[in-house]
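Following: one structure in structure tokens, then a few remarks.
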Amino acid sequence: DQQVKQNSPSLSVQEGRISILNCDYTNSMFDYFLWYKKYPAEGPTFLISISSIKDKNEDGRFTVFLNKSAKHLSLHIVPSQPGDSAVYFCAASLGGSNYQLIWGAGTKLIIKP
Amino acid sequence: EPEVTQTPSHQVTQMGQEVILRCVPISNHLYFYWYRQILGQKVEFLVSFYNNEISEKSEIFDDQFSVERPDGSNFTLKIRSTKLEDSAMYFCASRVRGNSPLHFGNGTRLTVT
Chain A
1160 DQQVKQNSPS LSVQEGRISI LNCDYTNSMF DYFLWYKKYP AEGPTFLISI
1210 SSIKDKNEDG RFTVFLNKSA KHLSLHIVPS QPGDSAVYFC AASLGGSNYQ
1260 LIWGAGTKLI IKP
Chain B
2 EPEVTQTPSH QVTQMGQEVI LRCVPISNHL YFYWYRQILG QKVEFLVSFY
52 NNEISEKSEI FDDQFSVERP DGSNFTLKIR STKLEDSAMY FCASRVRGNS
102 PLHFGNGTRL TVT
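Protein sequences appear in the order of chains A and B.
The first sequence lines up with residues 1160 to 1272 when you count with the numbering used here.
The second sequence lines up with residues 2 to 114 when you count with the numbering used here.
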């Protein structure tokens, strides 16, 4: 049961360039999407989110795009910095006051100097 | 910045033993969660807790698992009789209200031998 899929296990990007991390989902009932970043030996850290009523949300160097018809979202990081090297998880929620998050498998982003 | 703290960082136990994983959520947060990540696999939801009771739990969270908020600050996960397959990173998370992002602790690595 892979409701949230991150098909790229890893991605390598040159410092200063744009990093694009992709995420696909299958459940059209998801109404809230989040990106988390995780360093080794640490818990996931919230990065940015988007509600299903929007198609774009921007926060500094980070922008999340949502394409509901394609059931696809992406995280853009520009410009990429060495500290961005981490595992990035896409997560989706069915909403409500509890909402358990359904997680993707993660994409390891490596920023090359 | 306030953070979720988890102890211990690493717990080794023998199969069949009981373990208690401890978490101190952020003080003004009202919703509490446990997630786990088996090595090389996805982050999986275990349970959510609100208003001193379980509000949602996954299939993983069977009768061997229980949660408690004994004193208004700690949030514990107990595994009554550990199995080898319980070996994983266990993450505690909390959030202030129903649709705000989760804040995660750094996790407890549980190793069952």
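Every residue gets a Cβ at the ideal spot worked out from N, C-alpha and C, and that includes glycine.
Look at the alpha carbon of residue i and the alpha carbon of residue j, and state the distance between them as a whole number of angstroms.
{"i": "residue 1264 of chain A", "j": "residue 12 of chain B", "result": "24 Å"}
{"i": "residue 1188 of chain A", "j": "residue 1173 of chain A", "result": "36 Å"}
{"i": "residue 16 of chain B", "j": "residue 86 of chain B", "result": "10 Å"}
{"i": "residue 26 of chain B", "j": "residue 96 of chain B", "result": "8 Å"}
{"i": "residue 1250 of chain A", "j": "residue 72 of chain B", "result": "31 Å"}
{"i": "residue 1239 of chain A", "j": "residue 1211 of chain A", "result": "26 Å"}
{"i": "residue 2 of chain B", "j": "residue 31 of chain B", "result": "17 Å"}
{"i": "residue 1192 of chain A", "j": "residue 1243 of chain A", "result": "20 Å"}
{"i": "residue 54 of chain B", "j": "residue 1248 of chain A", "result": "28 Å"}
{"i": "residue 1190 of chain A", "j": "residue 1198 of chain A", "result": "27 Å"}
{"i": "residue 48 of chain B", "j": "residue 60 of chain B", "result": "10 Å"}
{"i": "residue 102 of chain B", "j": "residue 1205 of chain A", "result": "7 Å"}
{"i": "residue 1184 of chain A", "j": "residue 1223 of chain A", "result": "15 Å"}
{"i": "residue 33 of chain B", "j": "residue 23 of chain B", "result": "12 Å"}
{"i": "residue 65 of chain B", "j": "residue 1196 of chain A", "result": "31 Å"}
{"i": "residue 82 of chain B", "j": "residue 42 of chain B", "result": "23 Å"}
Give me the chain A residues within the contact set of residue i, using Cβ-Cβ distance strictly less than 7 Å, ordered along the chain.
{"i": "residue 46 of chain B", "result": "1259 and 1260"}
{"i": "residue 88 of chain B", "result": "Correct list: empty, because the minimum Cβ distance to chain A is about 16 Å."}
{"i": "residue 108 of chain B", "result": "1202"}
Is residue j closer than 8 Å to residue i when the C-beta atoms are compared?
{"i": "residue 105 of chain B", "j": "residue 92 of chain B", "result": "yes"}
{"i": "residue 89 of chain B", "j": "residue 38 of chain B", "result": "yes"}
{"i": "residue 113 of chain B", "j": "residue 79 of chain B", "result": "no"}
{"i": "residue 1182 of chain A", "j": "residue 1228 of chain A", "result": "no"}
{"i": "residue 20 of chain B", "j": "residue 111 of chain B", "result": "yes"}
{"i": "residue 62 of chain B", "j": "residue 56 of chain B", "result": "no"}
Going by CA-CA distance only, name the one from the options that's closest to residue i.
{"i": "residue 1246 of chain A", "options": "A:1175, A:1253, A:1224 and A:1180", "result": "A:1180"}
{"i": "residue 1320 of chain A", "options": "B:98, B:82, B:102 and B:5", "result": "An answer regarding residue 1320 of chain A cannot be provided, because it is not within the stretch 1160 to 1272 covered by chain A."}
{"i": "residue 1271 of chain A", "options": "A:1248, A:1241 and A:1259", "result": "A:1241"}
{"i": "residue 1218 of chain A", "options": "A:1190, A:1198 and A:1194", "result": "A:1194"}
What residues in its chain sit with their C-beta under 7 Å from that of residue i, if we drop five residues either side in the sequence?
{"i": "residue 108 of chain B", "result": "7, 90, 91 and 92"}
{"i": "residue 1261 of chain A", "result": "1162, 1163, 1250 and 1251"}
{"i": "residue 1237 of chain A", "result": "1177 and 1220"}
{"i": "residue 1171 of chain A", "result": "1269 and 1271"}
{"i": "residue 28 of chain B", "result": "3"}
Among residues of its own chain, excluding the 5 on either side of residue i, which ones have a beta-carbon nearer than 6 Å to its beta-carbon?
{"i": "residue 1214 of chain A", "result": "1225"}
{"i": "residue 69 of chain B", "result": "77"}
{"i": "residue 1167 of chain A", "result": "1266"}
{"i": "residue 1169 of chain A", "result": "1267"}
Closer than 9 Å by beta-carbon distance: list the chain B residues that pair up with residue i, in chain order.
{"i": "residue 1193 of chain A", "result": "102 and 103"}
{"i": "residue 1224 of chain A", "result": "Residues of chain B passing the Cβ test: none, with the nearest at roughly 18 Å."}
At a CB-CB cut-off below 8 Å, which residues of chain A make contact with residue i?
{"i": "residue 92 of chain B", "result": "1202 and 1203"}
{"i": "residue 43 of chain B", "result": "1262, 1263, 1264 and 1265"}
For residue i, go through chain B and note every residue whose CB falls closer than 7 Å to its CB, in chain order.
{"i": "residue 1245 of chain A", "result": "Near residue 1245 of chain A there are no residues of chain B at all, since even the closest Cβ is about 13 Å away, more than 7 Å."}
{"i": "residue 1208 of chain A", "result": "102"}
Spatial neighbours of residue i within its chain, please: CB distance less than 8 Å, with the 5 preceding and 5 following residues excluded, ordered by chain position.
{"i": "residue 1208 of chain A", "result": "1191, 1192, 1193, 1194, 1216 and 1223"}
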